[in-house]
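First residue of the sequence shown? That's 1 in UniProt numbering, and the numbers climb one at a time after it. Idealized CB from N, CA, C, for every residue including glycine. Note that the structure is a prediction, hence the values are computed from the model and not measured. To start, the structure under review is shown below, and the notes come after it.
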Amino acid sequence: MPPDRDPAGSGTVDRLATDPQRALADYIRDPTHAPPPEGIEPHRLKVYRELFFNNIESMLAGNFPVIRRIWSDPEPERWTGLVRDFYREHPSRTPLFPELAREFLRYLEHRAGAGRGDPPWLVELAHYEWVELALQISESRADDVPFDPDGDLLDGAPLVSPLAWPLAYAWPVHRIGPGYLPDHPPDAATCLLLQRDAQGKVGFQQLSPLAFRLLQRLDQQPNLDGRSQLRALAGEADVAPDQTFLDDGERMLRQFHEAGVILGIRMAPDDDPNA
1 MPPDRDPAGS GTVDRLATDP QRALADYIRD PTHAPPPEGI EPHRLKVYRE
51 LFFNNIESML AGNFPVIRRI WSDPEPERWT GLVRDFYREH PSRTPLFPEL
101 AREFLRYLEH RAGAGRGDPP WLVELAHYEW VELALQISES RADDVPFDPD
151 GDLLDGAPLV SPLAWPLAYA WPVHRIGPGY LPDHPPDAAT CLLLQRDAQG
201 KVGFQQLSPL AFRLLQRLDQ QPNLDGRSQL RALAGEADVA PDQTFLDDGE
251 RMLRQFHEAG VILGIRMAPD DDPNA
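Set out below in structure tokens:
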């Protein structure tokens with residue numbers, strides 16, 4: 001991406017304004033308002049301008065395919081207009097291309113409060129599309145925390161895989177597309193599980209609110225044993241923590257374990273045989 005504009009004091013801005021590289025970057029970012037730099041032929045400037053923009057547009061289209069389809073239907077220029085707005089307006093925090101999608105999400109978050117007339121579900125849909133890339137490039141590993149894969153899930157503290165992310169959205173982001181653009185959110189949140197498998201493939205599945213809350217609790221109170229987690233979950237759901245509830249909860253824990261969402265139970269570092 002072109003370098004960001006420097007928000008420093010006027011002396012710095014005046015100095016940068018005379019810098020050919022800054023002048024070129026400003027022109028590439030906003031050719032409508034920034035003058036072309038001196039000493040570069042117009043056809044070369046056109047090549048630079050189109051090259052930078054096309055690279056950014058192509059990467060964002062790959063990271064946000066649903067948003068691109070929505071914005072391109074029925075007017076393709078709406079999508080390129082959105083990308084140009086981002087390209088022109090957003091002061092990116094990083095020049096790294098793998099972070100481009102996160103910068104676009106930050107832009108949409110800022111834009112949501114600016115009265116630009118965007119759909120109310122846009123930021124959540126962008127997060128839903130971005131988070132797949134975030135998990136794909138995450139450097140977390142299943143063995144970051146020592147665990148016993150065969151430990152008792154009720155007596156021990158179940159460990160959620162760092163490659164399994166429970167997510168909750170106000171909007172049904174997994175259904176939104178050109179053929180379904182809701183006007184108002186449903187009464188219940190949309191709970192999803194994002195998981196990366198051993199081959200690096202990322203998949204989504206829908207969770208019940210109770211299952212989502214259980215996984216959330218396991219992260220929030222990591223040292224609590226499974227039985228105590230289930231009893232506390234019953235209290236939150238305002239149901240009796242009887243044997244039927246505990247049996248159902250244990251079954252849920254085991255299903256998560258079989259799917260690799262729960263790795264096993266936490267171990268103290270001193271107990272880790274691989275330490």
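- Non-local beta-carbon contacts of residue 213 in its own chain, meaning distances under 6 Å to residues more than five positions away in sequence, are absent.
- Secondary structure at residue 165: strand, using DSSP grouped into helix, strand and coil.
- Boundaries of the alpha helix (DSSP H) around residue 212: 209 to 220.
- Between residue 80 and residue 57, the gap from beta carbon to beta carbon is short of 8 Å.
- Judged by their CB atoms, residue 28 and residue 49 are nearer to each other than the 8 Å cut-off.
- If you check the CB distance, residue 229 and residue 217 come in under 8 Å.
- Looking at the DSSP output, residue 194 sits in a beta bridge with 165, 204.
- Taken through DSSP and simplified to helix, strand or coil, residue 64 comes out as coil.
- Checking the DSSP bridge columns, you'll see residue 180 partnered with 177.
- Shown here, residue 47 sits in a helix according to DSSP, grouped into three states.
- Just so you know, the alpha carbons of residue 215 and residue 26 end up roughly 47 Å apart.
- Classified as buried, residue 264 has 16 or more neighbouring CB atoms from the shown chains inside 10 Å of its CB.
- Going by beta carbons, residue 131 and residue 194 fall inside the 8 Å limit.
- For the pair residue 108 and residue 96, the CB atoms are not nearer than the 8 Å cut-off.
- Measuring C-alpha to C-alpha distances from residue 142 to each of 160, 156, 201 identifies 160 as the nearest.
- Setting aside the 5 residues that flank it on each side, residue 105 is surrounded in the same chain by 126, 127, 130, each with a C-beta closer than 7 Å to its C-beta; the list follows chain order.
- In the DSSP annotation of this structure, the continuous segment of the beta strand (DSSP E) that includes residue 160 starts and ends at 158 to 160.
- The continuous stretches of beta strand (DSSP E) do not include residue 254, which lies in the alpha helix (DSSP H) extending over residues 243 to 258.
- Taking C-beta atoms under 8 Å as the contact rule, residue 66 and residue 135 fail to qualify, at a distance of about 17 Å.
- Using a 10 angstroms sphere on the CB of residue 137, the tally of other CB atoms stays under 16, which defines it as exposed.
- The beta carbon of residue 179 sits closer than 7 Å to none of the beta carbons in its chain outside the five residues before and after it.
- Partner residues in a beta bridge of residue 104, as assigned by DSSP, do not exist.
- Residue pairing by DSSP places residue 113 opposite no residue, since no beta bridge is assigned to it.
- Distance check between residue 46 and each of 24, 60, 62, 63 places 24 closest, using alpha-carbon atoms only.
- Assignment of residue 263 by DSSP, reduced to helix, strand and coil, places it in the strand class.
- Separation of the CB atoms of residue 234 and residue 240 is rounded to 7 Å, and the pair is thereby assigned contact status at 8 Å.
- Note: residue 148 is bridge-paired with 265 in the DSSP secondary-structure output.
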